[in-house]
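>
There are 2 protein chains.
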Amino acid sequence: MKQSDIQFAHRFDQVTGSAIREIFKVIAQPGMISFAGGNPSLDALPDQVCADIAEHVLRENGKQILQYGATEGYPAFLESLHEYVNKQLNCEVPAVLPVTGSTQAMDLLCKALIDPGDVVLVENPSFLGNLQCMKLYQAKLVPVESDGDGILTDDLEAKIKRFHPKMLYTIPTFQNPSGKTLPADRRQKIAELANRYHMVVAEDDPYRDLRYDGLPLPAIKYFDEDGWVMFLGSFSKIISPGLRVGYIAGDPGVIRKCTVGKQSTDVHTSNLNQAIVDRFLRDNLLPDHIRSICADYGKKMRLMLNKLDEFPEGVKHTSPQGGLFIWAELPEHINARKLLDLAIARKVAFVPGTHFCVDGGHENTLRLNFSNSTVDQIITGMDILNELVAAMK
Amino acid sequence: MKQSDIQFAHRFDQVTGSAIREIFKVIAQPGMISFAGGNPSLDALPDQVCADIAEHVLRENGKQILQYGATEGYPAFLESLHEYVNKQLNCEVPAVLPVTGSTQAMDLLCKALIDPGDVVLVENPSFLGNLQCMKLYQAKLVPVESDGDGILTDDLEAKIKRFHPKMLYTIPTFQNPSGKTLPADRRQKIAELANRYHMVVAEDDPYRDLRYDGLPLPAIKYFDEDGWVMFLGSFSKIISPGLRVGYIAGDPGVIRKCTVGKQSTDVHTSNLNQAIVDRFLRDNLLPDHIRSICADYGKKMRLMLNKLDEFPEGVKHTSPQGGLFIWAELPEHINARKLLDLAIARKVAFVPGTHFCVDGGHENTLRLNFSNSTVDQIITGMDILNELVAAMK
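Protein sequence lines, in the order shown, are assigned to chains A and B. For the first sequence, this note's numbering gives the first residue as 1, with consecutive numbering after it. For the second sequence, this note's numbering gives the first residue as 1001, with consecutive numbering after it.
#1: Any contact of the region 1037-1049 of chain B with the region 34-52 of chain A, i.e. 3+ C-beta pairs under 8 Å?
#2: Tell me which same chain residues have a C-beta within less than 7 Å of the C-beta of A/M392, skipping the five on either side of it?
#3: Whole alpha helix (DSSP H) runs in the region 96-138 of chain A with 4 or more residues, listed along the chain?
#4: CA-CA distance, B/R1196 and B/N1273?
#5: Under the assumption that A/G314 contacts A/P331 (Cβ atoms under 8 Å), give the Cβ distance between them as a whole number of angstroms.
#6: Residues in its own chain within less than 6 Å of B/L1243 by CB, not counting five upstream and five downstream?
#7: Mind checking whether B/L1089 and B/A1219 have CB atoms under 7 Å apart?
#8: For A/I190, I'd like the list of residues in its chain whose CB is within less than 6 Å of its CB, leaving aside the five on either flank, ordered along the chain.
#9: With three or more beta-carbon pairs closer than 8 Å as the criterion, would you say the region 1256-1265 of chain B touches the region 98-111 of chain A?
#10: Using 7 Å as the threshold, is the C-beta distance between B/A1202 and B/Y1169 below it?
#11: Looking at chain A, is there any beta carbon in it that lies within less than 7 Å of the beta carbon of B/V1267?
#12: Within 10 angstroms of the Cβ of B/N1284, are there 16 or more other Cβ atoms? Answer buried if so, exposed if not.
#13: Within the chosen definition, does the region 155-166 of chain A reach the region 175-195 of chain A through at least 3 CB pairs nearer than 8 Å?
#14: List, in chain order, every chain B residue whose beta-carbon is nearer than 8 Å to that of A/H10.
#15: Could you say which of A/C357, A/R211, A/F235, A/T269 lies nearest to A/T100 if we only look at CA atoms?
#16: Along chain C, in chain order, which residues have C-beta atoms closer than 7 Å to that of A/P241?
#17: Using CA coordinates, which residue listed in B/E1387, B/V1375, B/V1358 is at the minimum distance from B/Q1132?
#18: Can you have a look at A/V277 and say buried or exposed, based on whether 16 or more other CB atoms are within 10 angstroms of its CB?
#19: Could you name the residues of the region 309-329 of chain A whose beta carbon sits closer than 7 Å to any beta carbon of chain B, in the order they occur along the chain?
#20: Please list, in chain order, the chain A residues whose beta carbon lies closer than 8 Å to that of B/L1136.
#21: My output table needs one value for B/C1204: the three-state DSSP class, helix, strand or coil.
#22: For B/A1343, which option in B/D1251, B/D1376, B/A1390 has the closest C-alpha, if you only look at C-alpha atoms?
#23: In this structure, what does DSSP give as the bridge partners for B/T960?
#24: If you count every other CB in all the chains shown that lies within 10 Å of the CB of B/E1123, and 16 or more means buried, which is it?
#25: Less than 8 Å between the CB atoms is what I'm expecting for B/V1260 and B/M1230, so what's the real figure, rounded?
#26: What in chain A is Cβ-close to B/S1270, meaning under 7 Å?
#27: Any Cβ of chain B within less than 7 Å of the Cβ of A/D5?
#28: Contact criterion: CB-CB distance below 7 Å. Does A/E55 meet it with respect to chain B?
#29: Check A/I65 in the structure and name its three-state DSSP category.
#30: Give every residue of the same chain whose Cβ lies closer than 7 Å to the Cβ of B/Y1222, excluding the five residues on either side of it in the sequence, and list them in chain order.
#31: Applying the criterion that 16 or more other CB atoms from any shown protein chain within 10 Å of the CB defines a buried residue, is A/P206 buried or exposed?
#32: Reducing DSSP to helix, strand and coil, say where A/D5 ends up.
#33: What first and last residue would you give for the alpha helix (DSSP H) that runs through B/G1083?
#34: Using a Cβ-Cβ distance under 7 Å, would B/N1039 count as near chain A?
#35: Looking at chain B, is there any beta carbon in it that lies within less than 7 Å of the beta carbon of A/C258?
#36: Since B/I1360 meets chain A, which of its residues come closer than 9 Å, beta carbon to beta carbon?
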């Protein structure tokens, strides 16, 4: 076939999926210090515990696990998950759907809600994967203004009035890529605006348990009176991303549409993976596990922040209290893509911030991940970046 | 929230997902003999083998398995799968993508190719799940005429010329729901037409290894000169549906678009599940396992066919050589939905054929599954159906 003969769907007109792929190919080179991904530390992945659990659940209940399951979820997990979500959110959530990683929660929510041309309000910068997801549903993405703490609710209300958006997509806690956390009063305000203007909020909150400083905040969902907030959660950062288990929780009507969409998307999430996470919940393995992850990540985050403070004058950065990412802003004349080229030659990688920006630009910004490097790698890598930035000044 | 306030996407206008759900709720009642699902027999599910394998792969390679994987597939599995697919199809397939059950292959293929209003040619009746998938992509489904062996290629060519379809969706081997198998000459002809008229073929072939009589046939893909045929495969019927591992194979350009779509659909298929199927392939566990499944299913199929031959005059049925389903046609005045009501009262269930038909109708047809019942259940259940049909004559 001549490639050119095939006509792909128009939803791909604006999506190439290649922007960041080249970077990730480079990272795979041996000896590379990578601040680029969003990967958990290998030390944080409970491989031996999962080996025990996987064997146990298959030995005990293998026939049910290997048979077709319900789209609505593996029964034992649906029960333990619902209880877990209510506790996480400190409120009664009427419906929960286990999904194949929270990325699928976003895909199903868009499938349920988004017609081509519908406006979705987004933080800018935001999570690349879900921006791509919304683009594939041909949503019109409109950025909302932020300050150092996240979304400015006055601008949000102005944009709601102007664009009549179908949805707001937000990562309120330790945002990807900025590391920002939205204060409680703005969370409450967002829920109020969603209820007043009948706008769905997709509250994507995969990092909320990775807090190394400060006190936990209520979710936007906690303030939701009439069910306009859909909460997207994940076990990728606190158990394993390779297992692909996440969930979406909220209004039963929306969950029902997501379930119908899921029937013809992957029928159901692997029963084995749901059964493994179910054991983590039932055996109460998460609190200790999260505590040990946080001790390690917190140390690395503070180290990276300290190293950033040593950078030449004019380099600014966010100061997260948790999560996986720090966002840095270089003096305006320094292009982060050029910095990346130089850094890769010295075996250090990161992602230029422009890739996370809805309309590109912000060429002087970068996202730094600290979870997937050792203390020594952070020291060496940050010293190299410091040196390169100083030379570009 | 007033439910009525939420505006769902227009792709759901024609899709409720409820047609067959009520039946499946009824099946769950204790003591029900179900010819309704498409489930493997519990005896065919290798739970202890999977327990050993899951433990082993997590013990040996747990860090890689629990970490984020590549959208393109778990490296070891991508390799063993590609080799397996080449052997299955008896030709060199240029690209393969592991997916979360072959249902996801269909979802990604539609995502890559289908704009609203695009025509897809389909067998009628056809697999409900994938019909729903295509409806959610707002494809216009146009049925192609069949005889007892499947698609009539003259009608196919006429419909191609008239409708300029984007795609043909076909299940050529032991079709769901009809049990029909397309002869080799028509397979070759379909590949030729696809190449001549530049139409993608989605060849969905999950049952090809479940052959109890006759000789294997080449896939349509085998005859494909220029890469217009995309082959959708599954391990659901030969290892386990609960693991959700399938694949799509064919043209690298299409596979690439499916991969980009998959990035924002579920990032990647669970590494653990890919690693488990990889061990089945590398340790060559499939041939013996399939042989034992086929011995059991073949016995059940022949029994059900014999029982159907005892039905009152005017009842016709297909005579499959494999797969999971037999399609029966009652005398025209007998409504299969009414028969189902009576059957359920006697604790026997099946799916009325109308649910598999693109435009409904065919009220006198039904689909019967034999794999998920015991020999005794088949005898008891078929005798009850026979009695009920006789009384309705």
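Each residue gets a CB set at the ideal place from its N, CA and C atoms; glycine is no exception. Because the structure is a prediction, the values reported are computed rather than measured.
From the atom records:
#1: no
#2: For the purposes of this step, residue 392 of chain A is taken as residue 392 along the first sequence, with counting starting at 1. Answer for A/M392: I334, L339, listed in chain order.
#3: 102-113, 128-136
#4: In the second sequence, the residue the question calls residue 1196 of chain B occupies position 196. In the second sequence, the residue the question calls residue 1273 of chain B occupies position 273. B/R1196 and B/N1273: Cα-Cα distance of roughly 39 Å.
#5: Along the first sequence, one-based indexing puts residue 314 of chain A at 314. Along the first sequence, one-based indexing puts residue 331 of chain A at 331. Between A/P331 and A/G314 the Cβ distance is about 4 Å, and since that is below 8 Å, they are a contact.
#6: For this step, residue 1243 of chain B is matched to residue 243 along the second sequence. So the qualifying residues of the chain are N1273.
#7: To locate residue 1089 of chain B, count along the second sequence from 1; it is residue 89. To locate residue 1219 of chain B, count along the second sequence from 1; it is residue 219. Yes, they are a contact pair.
#8: The sequence position of residue 190 of chain A within the first sequence is 190, counting from 1. Taken in chain order, the residues that qualify are I220.
#9: yes
#10: As a working mapping, residue 1202 of chain B is identified with position 202 in the second sequence. As a working mapping, residue 1169 of chain B is identified with position 169 in the second sequence. Against a cut-off of 7 Å, the Cβ pair of B/Y1169 and B/A1202 comes out as a contact.
#11: As a first step, residue 1267 of chain B must be located in the second sequence, where it is residue number 267. Judged by the 7 Å Cβ criterion, B/V1267 is in contact with chain A.
#12: On the second sequence, position 284 is the one that residue 1284 of chain B refers to. Counting Cβ neighbours within 10 Å, B/N1284 comes out exposed, since fewer than 16 surround it.
#13: yes
#14: Taking the first residue of the first sequence as position 1, residue 10 of chain A is located at position 10. Correct list: D1115.
#15: Within the first sequence, numbered from 1, the residue matching residue 100 of chain A stands at position 100. If we check each option's Cα against that of A/T100, A/T269 comes out closest.
#16: Given the protein chain composition of this structure (A and B), no chain C is represented.
#17: Mapped onto the second sequence, residue 1132 of chain B falls at position 132. Of B/E1387, B/V1375, B/V1358, the residue nearest in Cα terms is B/V1358.
#18: On the first sequence, residue 277 of chain A is found 277 positions in, with the first residue counted as 1. Per the 10 Å Cβ criterion, buried.
#19: none
#20: The sequence position of residue 1136 of chain B within the second sequence is 136, counting from 1. Residues of chain A passing the Cβ test: K111, G261, S264.
#21: Sequence index remark: in the second sequence, residue 1204 of chain B carries index 204 (1-based). Per the sequence shown, residue 1204 of chain B should be read as Asp rather than Cys. Of the three classes helix, strand and coil, the one that applies to B/D1204 here is strand, per DSSP.
#22: Against the second sequence, residue 1343 of chain B aligns to sequence position 343. Of the candidates B/D1251, B/D1376, B/A1390, the one whose C-alpha sits nearest the C-alpha of B/A1343 is B/A1390.
#23: Nothing about residue 960 of chain B can be reported from this structure: the residues present for chain B run from 1001 to 1393 only.
#24: The residue labelled residue 1123 of chain B in the question sits at position 123 within the second sequence. Burial call: buried.
#25: By one-based count along the second sequence, residue 1260 of chain B stands at place 260. By one-based count along the second sequence, residue 1230 of chain B stands at place 230. Rounded, the Cβ-Cβ distance is 15 Å, inconsistent with contact.
#26: What you label residue 1270 of chain B is simply residue 270 of the second sequence in a count that begins at 1. Ordered by position in chain A, the residues that pass the 7 Å Cβ test against B/S1270 are G242, L243, R244, S270, N273.
#27: Mapped onto the first sequence, residue 5 of chain A falls at position 5. It does: the Cβ of A/D5 has a partner Cβ on chain B nearer than 7 Å.
#28: Locating residue 55 of chain A in the first sequence gives position 55, where the first residue counts as 1. So, interface residue.
#29: Counting from 1 along the first sequence, the entry for residue 65 of chain A is found at position 65. Three-state DSSP puts A/I65 in a helix.
#30: In the second sequence, the residue the question calls residue 1222 of chain B occupies position 222. Answer for B/Y1222: L1089, N1090, C1091, listed in chain order.
#31: Residue numbering aside, residue 206 of chain A sits at position 206 when the first sequence is read from its first letter. Buried, by the Cβ-count rule.
#32: For the purposes of this step, residue 5 of chain A is identified with residue 5 of the first sequence, where counting begins at 1. Here A/D5 sits in helix by DSSP.
#33: Position 83 of the second sequence, counted from the first residue, corresponds to residue 1083 of chain B. First, the residue type needs correcting, since residue 1083 of chain B is Glu and not Gly in the sequence shown. First-last of the alpha helix (DSSP H) with B/E1083: 1075-1089.
#34: Counted from its first residue, the second sequence places residue 1039 of chain B at position 39. Yes, because at least one Cβ of chain A sits closer than 7 Å to the Cβ of B/N1039.
#35: Counted from its first residue, the first sequence places residue 258 of chain A at position 258. Output row for A/C258: interface = no.
#36: Position 360 of the second sequence, counting from 1, holds the residue named residue 1360 of chain B. Residue 1360 of chain B is actually Gly in this sequence, not Ile. Result: empty, since nearest Cβ-Cβ is about 18 Å, beyond 9 Å.
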